[in-house]
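Read the structure below first, then the notes.
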Amino acid sequence: MAEPIGVVAATFEFAKIVLEVKQLYSSIRRALQNLQQLLEELEALGEVLETFKEQEAALSAYAPPGVARKCRQRSEKAVQSLKPICDELSKAIKRSRIRGSLRAVLKEDALDKARQVVERAKADFMLAQIAVLKWVVQW
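Using our numbering, the final residue of the sequence shown is 146, and nothing's skipped along the way.
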């Protein structure tokens, strides 16, 4: 009786390992695409932040610039901290697609944490923009 249970348990373990390998393979295949998408998002956010920085002087006449400036700087800092990691991984993937992709997958946790920092900074920046717009509308 114990032998069939052992065979069934081994079969489930083997199936679990096969699923994990399949997920890893899928992640490796999508690594370059995910990195390129993240780099595009970072570039777009960088351009928005640069535009807002240029308009900061004009907006300071209507609203207190401190809050918006701090949020913008925090967002810029988050973008600047994530961009080098993405660039490094992108270059590694272009040099050797398999090794670079595997490296990107292994650094996925670090990328996720950095993405969360960028997302929180974006949310703070949007709140600061709303506050500035409220001040402008009140004037």
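For every residue, glycine included, the Cβ atom is placed at its ideal position computed from N, Cα and C. Values in this document were obtained by computation on a predicted structure and should not be read as measured data.
Check                                                                                                                                                                : Outcome
Can you tell which of 120, 122, 143 and 114 has the C-alpha that lies nearest to the C-alpha of residue 31?                                                          : 114
With distance defined between alpha-carbon atoms, name the residue in 122, 141, 144 and 136 nearest to residue 92.                                                   : 122
Among 58, 101, 100 and 65, which has the Cα closest to the Cα of residue 80?                                                                                         : 58
If you draw a straight line from the alpha carbon of residue 39 to that of residue 112, how long is it in whole angstroms?                                           : 10 Å
Within the continuous alpha helix (DSSP H) that includes residue 114, where are the two ends?                                                                        : Note, residue 114: premise wrong, no alpha helix (DSSP H); not H, not E.
Looking only at its chain, what residues have a beta carbon closer than 6 Å to the beta carbon of residue 97, apart from the 5 residues adjacent to it on each side? : 42
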